[in-house]
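Residue numbers (this note's numbering): 1415 to 1610. C-beta: ideal position from N, C-alpha, C; glycine also. Predicted model, so just to flag it, every value in this text is computed and none were measured.
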């Protein structure tokens, strides 16, 4: 996917190739995932009027699955980005470690291993009035149900991590700018333009 860059008639956007660029790209991808996750968690409160309906239950399952997938995606290795290290993210805020570990445990047990109380499978034999077998009945139910407290807790974890990413991105942007401000005009002109 190519990102469209709006051109400013007064400025030229150059495509820089520095080792920190990959890290900054990764941080921005992480931010995009977390902003989507935060929006999902924030908008969920608008659907509370569905109270205890099947629609709310299905929405809650989707919320749990999507939110945890998006959040832990940024802490998982991939070819597209550098993963975040939880020890660095929560170094100055250790109270978030327990929330992180709680949700990681839910994610690991449900998304990776199907070991939770919301994942159920049933196989039974249906007997008629004479106790004769007439059918085998099977069903399954999967989902992560997050209560209001957990949704708020996950939202706080996402919000903190977004703040961390914003600060790290700003730091790298400042470092890169300082580096390129030392370059000569001919060197800068020779950097390829970012094409649309």
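Whose C-alpha, out of the options, is nearest the C-alpha of residue i?
| i | options | result |
| --- | --- | --- |
| residue 1571 | 1434, 1452, 1438 and 1433 | 1452 |
| residue 1575 | 1545, 1549 and 1443 | 1443 |
| residue 1445 | 1584, 1511 and 1434 | 1584 |
| residue 1439 | 1606, 1455, 1582 and 1603 | 1582 |
| residue 1450 | 1488, 1514 and 1428 | 1488 |
| residue 1562 | 1458, 1437 and 1498 | 1458 |
| residue 1437 | 1483, 1498 and 1485 | 1498 |
| residue 1483 | 1504, 1506, 1505 and 1523 | 1523 |
What are the residues that DSSP puts in a beta bridge with residue i?
| i | result |
| --- | --- |
| residue 1552 | 1537 |
| residue 1644 | Since the first residue shown for the chain is 1415 and the last is 1610, residue 1644 is missing from the structure and cannot be characterised. |
| residue 1547 | 1541 |
May I have the straight-line CA-CA distance separating residue i from residue j, to the nearest angstrom?
| i | j | result |
| --- | --- | --- |
| residue 1447 | residue 1601 | 35 Å |
| residue 1517 | residue 1476 | 15 Å |
| residue 1539 | residue 1552 | 9 Å |
| residue 1428 | residue 1603 | 8 Å |
| residue 1418 | residue 1607 | Bear in mind that a pLDDT of 44 at residue 1418, under 50, signals an unreliable position, so the model cannot answer this. |
| residue 1454 | residue 1567 | 14 Å |
| residue 1510 | residue 1502 | 12 Å |
| residue 1586 | residue 1441 | 10 Å |
By the 10 Å Cβ neighbour count, where 16 or more other Cβ atoms means buried, how is residue i classified, buried or exposed?
| i | result |
| --- | --- |
| residue 1426 | exposed |
| residue 1512 | exposed |
| residue 1478 | buried |
| residue 1481 | buried |
| residue 1521 | buried |
| residue 1599 | exposed |
| residue 1579 | buried |
For residue i, verify whether its CB is less than 7 Å away from any heavy atom of the ligand NAP.
| i | result |
| --- | --- |
| residue 1575 | No copy of the ligand NAP appears in this structure; indeed no ligand is present at all. |
- request: Please determine if the stretch 1588 to 1596 and the stretch 1429 to 1440 are in contact, where contact requires at least 3 C-beta pairs separated by less than 8 Å.
  value: When Cβ pairs closer than 8 Å are counted between the two stretches, the stretch 1588 to 1596 is seen to touch the stretch 1429 to 1440, the count reaching three or more.
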